[in-house]
Amino acid sequence: MRAYFAAAFLCLALPAMAADHHHPPQDEAIHDRFYSTWERPDQPGVSCCNNQDCAPAEARMIGGKWHARHVGQATWLPIPDAKIERRRDSPDGRNHLCAMSGLVFCFIAGAGI
């Protein structure tokens, strides 16, 4: 029962905790056709993005595992294998990350990585 309430709290609280984030004009088209339809690889039917937590990202492999960070952020986040998108390609060849407060929702590697 506690796990249920904790999950419900996170679903309600995380969007409120998000920093005010707006996609730059060049990324609005990506949001409209990719982020808005992107579902969590480990939870089909659940959106990756709430319009504030998805953005292009820097990514690198460390010890055979992906790590990523939103462009301009300092902290590299380890990407759990279950959060890596494998059903779709990156819409623009860049890496994209949906994460908030250190919690990774989705990651997709860009072309040429």
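Here this note's numbering is used: the first residue of the sequence shown is 21, the next is one more, and so on.
Backbone N, C-alpha and C define an ideal beta-carbon position, used for all residues, glycine too.
Note that this is a predicted model, so its numbers are computed, not measured.
Query                                                                                                                                                                                 : Result
Along the beta strand (DSSP E) that carries E78, what are the first and last residues, could you check?                                                                               : C74 to I82
Suppose the cutoff is 7 Å on Cβ atoms and the five residues either side in sequence are ignored; what does the same chain contact list for A77 look like?                             : A88, R89, H90, V91, N115, H116 and L117
Is any non-hydrogen atom of the ligand ADP found closer than 8 Å to the C-beta of C69, if you look at the structure I gave you?                                                       : You won't find the ligand ADP in this model; it holds no ligand whatsoever.
Give every residue of the same chain whose Cβ lies closer than 7 Å to the Cβ of F125, excluding the five residues on either side of it in the sequence, and list them in chain order. : R60, C68, D73, K103, C118 and A119
Looking only at C-alpha atoms, which of S110, P111, M81 and D112 sits nearest to P134?                                                                                                : The requested residue 134 does not occur in the structure, where the chain is confined to residues 21 to 133.
Here's the rule: buried if 16 or more other CB atoms are within 10 angstroms of the residue's CB, otherwise exposed. What is A79?                                                     : buried
What separation, rounded to the nearest whole angstrom, lies between the Cα atoms of F25 and A75?                                                                                     : Any answer about F25 is weak, because its pLDDT of 40 lies below 50 and its placement is not dependable; what the coordinates show is given next. Near 29 Å, if we compare the C-alpha coordinates of A75 and F25.
Rounded to a whole number of angstroms, what is the C-alpha to C-alpha distance between I128 and R106?                                                                                : 8 Å
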